[in-house]
Every structure is written in C-alpha cells, then in structure tokens.
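Visitor: Residue numbering for the sequence shown is 148 to 652, as defined by this note's numbering.
Glycine residues also receive a C-beta, built at the ideal position from the N, C-alpha and C atoms.
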Amino acid sequence: MFADLPLLSLVIWLPVLGGVVVLATAKESAPMQTKALSLFFAVLTFVLSIPLYSNFETGTAAMQFVENTTWIPTFNINYHLGIDGISMPLILLTTFITVIVVIAGWDVIKYRQSQYMAAFLIMEGLMNGVFAALDAALFYVFWEAMLIPMFIIIGIWGGPNRVYATIKFFLYTFFGSVFMLIALLYLYFKTGSFEILEFHKYKFGLEAQTLVFIAFLLAFAVKVPMWPVHTWLPDAHVEAPTGGSVILAAIMLKLGAYGFLRFSLPITPDASQSLDWLMISLSLIAVVYIGFVALVQQDMKKLIAYSSISHMGFVTLGFFIAWNIHSTTGSYAGAGMGISGGIVQMVSHGFISGALFLCVGVMYDRMHSRMINDYGGVVNTMPTFAAFMVLFAMANAGLPGTSGFVGEFMVILASFKANFWFAFLAATTLILGAAYTLWMVKRVIFGEVANDKVAKLEDINRREFLFLSILAVMVLLFGIWPAPLLEVMDASVMNLVSHMTQSKL
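Next up, the structure:
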C-alpha cells in the first residue's frame, strides 16, 4: 500500500503545505477552523510517518525509502532523500511532538492563532527535511530554513525580552552554520558531489579532517548546545511560548547531535578519534557543571533548560566514548552501546523535556508565573496534574522503569568499558538530576498551599489530560520496553562503528 508513495516527501512537504493553507484560509471570526485544519495536517503527517517504522527493514544499514531526483544539475545537486535506523526514529519523534504542540496550543494562543499554528507546521516539515536529506546542499537549505519559523515564534509570541532572545538565538546558530557551509563547499570541491554518502567514502588526510571536524563542531555544538556555546538556550526557552520551548527542547537540540552522527563521525573518523578527548571533556563539563547550575535556578523554565543541556551532554559522551571503548577492548558492540545509548537518550529526552515544559505551561496559563517561589502545595488543588509532573520529574532524574533511565544507563555502562572516571563523572547526573528535579518538585508540588493564588488553581482539563497522558504512556513504554527503538537502530549503529574504526589514512 505504501511502497509506491513518496513517504519522505510527504512528511516534509505536507505540513509545509498545511501551514500555507492555514495561513490562506484563516479567518479571525472562525478560530475553530484554523485549529481543526492545523490539527488535521499535523495528525495526517504523523499517520503518514508511521509506515516509515512499520515497513522499515531492521536487518540492513542501507538507506531506505530513497527518493533521488536531479535538482540543480550544474552543481550536481540532487533532491536526494533517505532514512536509516538513526534518522527514522527522529522523524517519528518530530511528527509526534508536533501533534502534541498543536493540541497544547488549542485554547492558549489567542493572538494571531493561524500564524502560530502555521509556523509550527512549516517548521515540522523543514526539520523532517534535515533528518531525511542525503544531499548536503539540500540538508543545508533545510537546516537554515527551519531557523526562520522558530525565530518568528519566539519573536512574536515570546516574553518581554523576546527580541534579545531571538537575536541571540539567530546569531549563535547562524554563526555556526557559516562554518558548516565552508566545510560542505570544501567537501564538494574535493569529491565533485554534494552526496553525503559520497563524503563518507572519500579518504581525507588528518589535517583536512581536523579542519572539517572543527567546522562541523562549531555548527553542531551550538545546536546541541554544548558548553560553552550553550548560553543562548536558557534565554530562548524563558522567552519562548510553551509550544516553542517544547519543539526547541524535544527536536531542535537533537539536530546538532544528529549532525555528529551523519557528518562528523563518518566523514572525519580519524580527526574524531584524535579529538575525542576534547569532546568527552566538553560533554562531562555539561553533565556535571551545568547540573550544578540547574540547582540554583529559581525559574522553572531555566531549570529545565539547563537540565536539557546536562542531559544532552550524555548524548555527545555516548557518541565519542566509542573510540576509547574500541581502543581499550576492541569491542564493536561496546562502542555501539555508547552510540545507541546516545540515540535512545535523544528520543527519551524529547518526550521528557517536552512534557516538563508543557507542565510548566499548564501552571503558567493559570498563575502567569514561572518562579518556583510563587508556588507550593499544588498537589492540594491540582492532584491529577501533580501526578503527571512527579512522573515526568522522576523520568528526568533517570528513575528505572522510565525512558530517562535507559539511555543514561547504556552510556554509563559504555563509559565503564572505556574509563572508570568517565563513568564516575557521568554517573553524577543521577545525583545532580535527582537533586535539582526533586528540589523543584518539593517546592512547587508538595507542602501546604503557599498562597491564595495556588488555593484557587483548577486541575487540568480534558485537553491537558490528553497530551500529558499520551506523553506519560511514551515515557513508560520506552522505559519498560525499549526494544522497538533499539532494534531499528542496531544495524545502522554497527555499520557506523565499523566505518569509524576502519582508519581511512
């Protein structure tokens, strides 16, 4: 049924078309039409992305659902799409989270509602394009274009300092992208093609690899974000509307990590190995230092933002610890465990961080405050909401049985195979994560009712229960049964490890 459909083009261009249709047909007098149309396109895109999983062949590392058409023949640029076990879960995560964001903004956004929904739909398609592109020029177009909707979302529907946050966000990400463009042009002139898979096959010297690796690092590290180029993220989260924070944490941070897997590790394996000490150091600093920074935050959004930086440190640690494991033990499986753990952490963090930002949004809609000191005893007036928030907080702290535990456990276990001290420092997140998350929950959720505003709070409605319960199911499902995720990525991860560890020099 789905074999003849261009599924990847559909999940890219259908939401973009949906955004245009929402803008073209929007009527201020008929807001329900705008919301229904937005939800229709979001759900349809998610439904069309499901066959990418159900029809996926798990025993091969080859690209699947490939589409390849000449785009700009003069420069040998093609409209080339395809997915493997690394990119496919991220596309499903994107289409899933977009549905949640549309539902979450259903009654909250009153101002320019059609533009708000359209921006998210268009951004969904562009992010799917990043994960599916197999042509570097096409990848770069999607990579840059997706900044525009997020820039608009924060700039129009953001908080009082939204102009500062949007400019900082744009400058940081654009600055890194310039270096990526230079690297891609260099690779094009060397190979005569923009095909990413051709880049993987080409043999570069160590000096050239090092320069290309650094150029990619500047682009991807900003997007993750890694320490010390992380300072734009808390500002962007604080000023962004709830939906913007959800997409930013759940999807956009994963784009930088995906870039390391698609570009840095396979194209510059020797430079990646020679500079793994740098990447491991930056990752551990993010895990430990940023964890302490999160401890002192008074703004719930800032706390979750810093928590995201710390957890993304696990992702990059898992990717680059592979070299140490292979050189120490000679084990491909051990090296693959680190990378697989990083990918699981990416998907898990998408659910958990998105859920936590939605929880903050639920409280902000009622109290118009994100400050921890303004709350206290919420469980007395919002017991159902409190149950959800405690669950997501436990998952954020890595509680066994939740998805937050699986990726962190795999990365820590892989780190032990490489170096005890790497694992020891990484494992501090189990303490720090529990400390800042439970400290927030204790002050916000438990205790006596703090003030009259908290006393007047009403529990979540059916719409809020819907999106929080869906996320809760996903967090528990992948915590108890991560096999569906691990199975689809296994062949692609082992192929990447094999490619990395076979020196091109």
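Under three-state DSSP, which class holds Trp-218?
Guide: Here Trp-218 sits in strand by DSSP.
Visitor: Got a sec? Which residues, its chain only, sit under 8 Å from Phe-612 by beta carbon, not counting five neighbours each side?
Guide: Correct list, in chain order: Thr-531.
Visitor: Pick helix, strand or coil for Lys-651, following the three-state DSSP scheme.
Guide: Bear in mind that a pLDDT of 47 at Lys-651, under 50, signals an unreliable position, so the model cannot answer this.
Visitor: Are Ile-159 and Gly-276 close, meaning C-beta to C-beta below 8 Å?
Guide: Yes, they are a contact pair.
Visitor: For Met-518, which of helix, strand or coil comes out of DSSP?
Guide: Met-518 falls in the strand class under three-state DSSP.
Visitor: Determine the direct distance from the alpha carbon of Trp-290 to that of Val-462, and round the result to whole angstroms.
Guide: Their Cα atoms are separated by approximately 20 Å.
Visitor: Along the beta strand (DSSP E) that carries Gly-229, what are the first and last residues, could you check?
Guide: Note, Gly-229: beta strand (DSSP E), 224 to 230.
Visitor: Out of Ser-428, Asp-512, Ala-283 and Ala-312, which one is the CA nearest neighbour of Gly-465?
Guide: It is Ser-428 whose Cα lies nearest to the Cα of Gly-465.
Visitor: For Ala-502, which residues from the same chain have a beta carbon less than 6 Å from its beta carbon, with the 5 sequence-adjacent residues on both sides left out?
Guide: Around Ala-502: Phe-539 and Leu-618.
Visitor: My assumption, with CB atoms under 8 Å, is that Cys-506 sits in contact with Met-536. Please give the rounded CB distance.
Guide: That pair is a contact at about 5 Å.
Visitor: Can you tell me where the alpha helix (DSSP H) with Arg-610 in it begins and where it stops?
Guide: Where Arg-610 is concerned, the enclosing alpha helix (DSSP H) stretches over 609 to 627.
Visitor: Rounded to the nearest angstrom, what separates Ser-340 and Gly-352 at their Cα positions?
Guide: The alpha-carbon atoms of Ser-340 and Gly-352 are separated by roughly 18 Å.
Visitor: So, are the CB atoms of Tyr-311 and Asp-382 less than 8 Å apart?
Guide: Cβ distance < 8 Å, so Tyr-311 and Asp-382 count as in contact.
Visitor: With H, G and I counted as helix, E and B as strand and the rest as coil, what does DSSP make of Val-723?
Guide: It is not possible to answer for residue 723, since the shown part of the chain is limited to 148 through 652.
Visitor: Assign Lys-564 to one of two classes, buried (16 or more other C-beta atoms within 10 Å of its C-beta) or exposed (fewer than that).
Guide: Looking at its Cβ environment, which holds 16 or more other Cβ atoms inside 10 Å, Lys-564 is buried.
Visitor: Which partner residues of Glu-342 appear in the DSSP bridge assignment?
Guide: Paired residues: Asp-282.
Visitor: Can you tell me the Cα-Cα spacing of Phe-569 and Met-264, whole angstroms?
Guide: Cα to Cα, the separation comes out at about 43 Å.
Visitor: At what residues does the alpha helix (DSSP H) containing Gly-302 begin and finish?
Guide: Counting along the chain, the alpha helix (DSSP H) containing Gly-302 begins and ends at 294 to 304.
Visitor: Might you give, ordered along the chain, the residues of its own chain that have their beta carbon closer than 6 Å to the beta carbon of Ala-706, omitting 5 neighbours on each side?
Guide: What the structure shows of the chain is the stretch from 148 to 652, and residue 706 is not part of that stretch, so it cannot be assessed.
Visitor: How is the alpha helix (DSSP H) around His-384 delimited, first residue to last?
Guide: Note, His-384: alpha helix (DSSP H), 379 to 386.
Visitor: Measuring CB to CB, does Val-369 end up less than 8 Å from Leu-334?
Guide: Not closer than 8 Å, so no.
Visitor: How many Å lie between Ser-562 and Ala-441 at the Cα?
Guide: If you take the alpha carbons of Ser-562 and Ala-441, they lie about 24 Å apart.
Visitor: CA-CA distance, Lys-589 and Ala-573?
Guide: So the alpha carbons of these two residues sit roughly 25 Å apart.
Visitor: How is Asp-423 classed by DSSP in three states: helix, strand or coil?
Guide: Helix at Asp-423.
Visitor: Quick check: the Cα distance between Pro-153 and Met-274, rounded to an integer number of angstroms?
Guide: Answer to the nearest angstrom: the Cα atoms are 17 Å apart.
Visitor: Name the residue from Pro-178, Val-190 and Leu-155 whose alpha carbon lies nearest to the alpha carbon of Asn-202.
Guide: Among Pro-178, Val-190 and Leu-155, the Cα nearest to that of Asn-202 is on Leu-155.
Visitor: Please confirm whether any heavy atom of the ligand GTP lies closer than 7 Å to the CB of Phe-439.
Guide: With respect to the ligand GTP, the structure shown offers nothing to examine, as it has no ligands at all.
Visitor: Quick test of the definition: if touching needs 3 or more C-beta pairs under 8 Å, does the segment 198 to 213 touch the segment 244 to 264?
Guide: Touching, no, given that fewer than three Cβ pairs across the two stretches are closer than 8 Å.
Visitor: How far does the alpha helix (DSSP H) with Gln-356 in it extend, from its first residue to its last?
Guide: Counting along the chain, the alpha helix (DSSP H) containing Gln-356 begins and ends at 353 to 370.
Visitor: Under 8 Å: do the segment 296 to 303 and the segment 377 to 391 share three or more Cβ pairs, one atom per stretch?
Guide: These segments touch.
Visitor: Given 8 Å as the limit, is there contact between the segment 306 to 320 and the segment 251 to 262, that is, 3 or more CB pairs closer than that?
Guide: The segment 306 to 320 vs the segment 251 to 262: no contact.
Visitor: When the Cα of Ile-519 is compared with those of Trp-304, Leu-239 and Thr-584, which residue comes out closest?
Guide: Minimum Cα distance to Ile-519 is reached at Thr-584.
Visitor: Compute the distance between the beta-carbons of Val-434 and Thr-217, then report whether it is under 8 Å.
Guide: Cβ distance not < 8 Å, so Val-434 and Thr-217 don't count as in contact.
Visitor: Going straight from the alpha carbon of Val-168 to that of Ala-183, what length do you get?
Guide: Spanning the two alpha carbons is a distance of roughly 12 Å.
Visitor: Roughly how many angstroms lie between the CA atoms of Lys-651 and Leu-643, to the nearest whole one?
Guide: The predicted model places Lys-651 with a pLDDT of 47, which falls under 50 and marks its position as unreliable; any figure quoted below should be read in that light. Taking the straight line from one Cα to the other gives about 14 Å.
Visitor: By Cβ distance, which residues of its chain are closer than 8 Å to Val-640, with the 5 residues on each side in sequence left out?
Guide: For Val-640, where only same-chain residues beyond five positions count, the Cβ hits under 8 Å are Gly-232, Ile-233, Gly-483, Ile-486, Ser-487 and Ile-490.
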